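Residue numbers (the numbering used here): 5 to 129.
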């Protein structure tokens, strides 16, 4: 399993979000995005490293303002995966409206410490 985290100034364009949904299906990834305001945050996860990288490249090509790849594509350590996580739904993109909701989603996936570190809010593990 591989994942990456991207931070942008904002995510509001429905056309760009539609392109992200298409890329999620095409590259068989699972994505979670914080849209609707500042900051924009995108988390992507998938079984194939090259597909996750292609999704990240798609985001880069969309030229989001203040694009930052805060956590490049890397493997998810088994110790980071929550035993209660029902698994990922490949080809799905989920949107949340607040950073608080994003944090709750990351916690439910067993990735809260990693996420906080990547966002610059704690020590990265």
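All C-beta atoms, glycine included, are put in the ideal place defined by N, C-alpha and C. Just so we're clear, the structure is a prediction, and the values are computed from it rather than from any experiment.
Next item on the list: Could you spell out the range, first to last residue, of the alpha helix (DSSP H) harbouring residue 54?
Entry: Per DSSP, the continuous alpha helix (DSSP H) segment holding residue 54 begins and ends at 53–65.
Next item on the list: Sort 47, 97, 96 by Cα distance to residue 76 and report the nearest one.
Entry: Sorting 47, 97, 96 by C-alpha distance to the C-alpha of residue 76 places 47 at the top.
Notebook entry, point to check: Is the Cβ-Cβ distance between residue 38 and residue 103 less than 7 Å?
Noted result: Their beta carbons are under 7 Å apart, which means residue 38 touches residue 103 by this criterion.
Checklist line | residue 28 classed as buried or exposed, judged by whether at least 16 other C-beta atoms fall within 10 angstroms | finding: By the neighbour-count rule (16 or more Cβ atoms within 10 Å), residue 28 is buried.
Note to self: With a threshold of 6 Å on Cβ separation, who are the neighbours of residue 68 within its own chain once the five nearest residues in sequence on each side are excluded?
What the structure shows: If the five residues before and after residue 68 are omitted, its C-beta is found closer than 6 Å to the C-beta atoms of 12, all from its own chain and listed in chain order.
Margin query: Buried or exposed for residue 108, going by 16 or more other Cβ atoms inside 10 Å?
Written below: Taking a 10 Å sphere around the C-beta of residue 108, we find fewer than 16 other C-beta atoms and assign the residue as exposed.
Check: Where do the ends of the alpha helix (DSSP H) carrying residue 28 lie?
Finding: Judged by DSSP secondary structure, residue 28 falls within the alpha helix (DSSP H) whose first and last residues are 18–30.
Checklist line | Enclosing beta strand (DSSP E) for residue 111 [first to last residue] | finding: Note, residue 111: premise wrong, no beta strand (DSSP E); alpha helix (DSSP H) at 103–112.
Checklist line | Bridge partner(s) assigned by DSSP for residue 45 | finding: Paired residue(s): 11, 38.
Check: What does a CB cutoff of less than 6 Å around residue 87 pick up in its chain, not counting 5 residues either side in sequence?
Finding: With a pLDDT of only 44 at residue 87, under the threshold of 50, the placement of this residue in the model should not be trusted, and no figure is reported.
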